[in-house]
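Numbering follows the numbering used here, in which position 12 of the sequence shown is assigned residue number 124; successive positions increment by one, without gaps. Ideal placement from N, C-alpha and C gives every residue a C-beta, glycine not left out. Below: one structure, written as structure tokens.
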Amino acid sequence: MPAKKKSAKVLRCPTCGELVSPKGEDFPFCSDRCRKIDLGKWAMGVYKISSPVLDPEVLEDLGELGGGHKKRSEDE
């Protein structure tokens, strides 16, 4: 019985929708430009993580990385 060939998945750039190769340098994006557009959207808060982080280990790691908000002193 001959082996079945796996059909190649059609992958598209999440920014512009252009076809991309999984072996491409900018994967999953089609170009460095689309990669930077996506990064800018994260930086501007367009994308958000939908649920709060509740795992104590992750919260501890975030605190160590300076991810927590610190109150400014009045002298600053």
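Inset, instruction - Helix, strand or coil for L131, going by three-state DSSP, please let me know. - result: As a working note, residue 131 is residue 19 in the sequence shown. Here L131 sits in strand by DSSP.
Inset, instruction - Evaluate V132 with the Cβ neighbour count: other Cβ atoms within 10 Å of its Cβ, from every protein chain shown; 16 or more gives buried, anything less gives exposed. - result: Translated into positions along the sequence shown, residue 132 becomes position 20. Classification of V132: buried, given that the 10 Å Cβ count is 16 or more.
Legend entry - Cutoff 6 Å; reference P168; Cβ partners in own chain excluding five residues on either side: One-based indexing of the sequence shown puts residue 168 at position 56. Closer than 6 Å at Cβ, skipping near neighbours: no residue.
Inset, instruction - Alpha carbon to alpha carbon, how far is R124 from D173? Give it in angstroms, no decimals. - result: As a first step, residue 173 must be located in the sequence shown, where it is residue number 61. As a first step, residue 124 must be located in the sequence shown, where it is residue number 12. Looking at the two C-alpha atoms, the distance is approximately 33 Å.
Inset, instruction - Please go through the same chain and pick out, in chain order, the residues whose beta-carbon is closer than 7 Å to the beta-carbon of E130, but skip the five residues on each side of it. - result: Translated into positions along the sequence shown, residue 130 becomes position 18. Cβ neighbours of E130 beyond the five flanking positions: R124 and C142.
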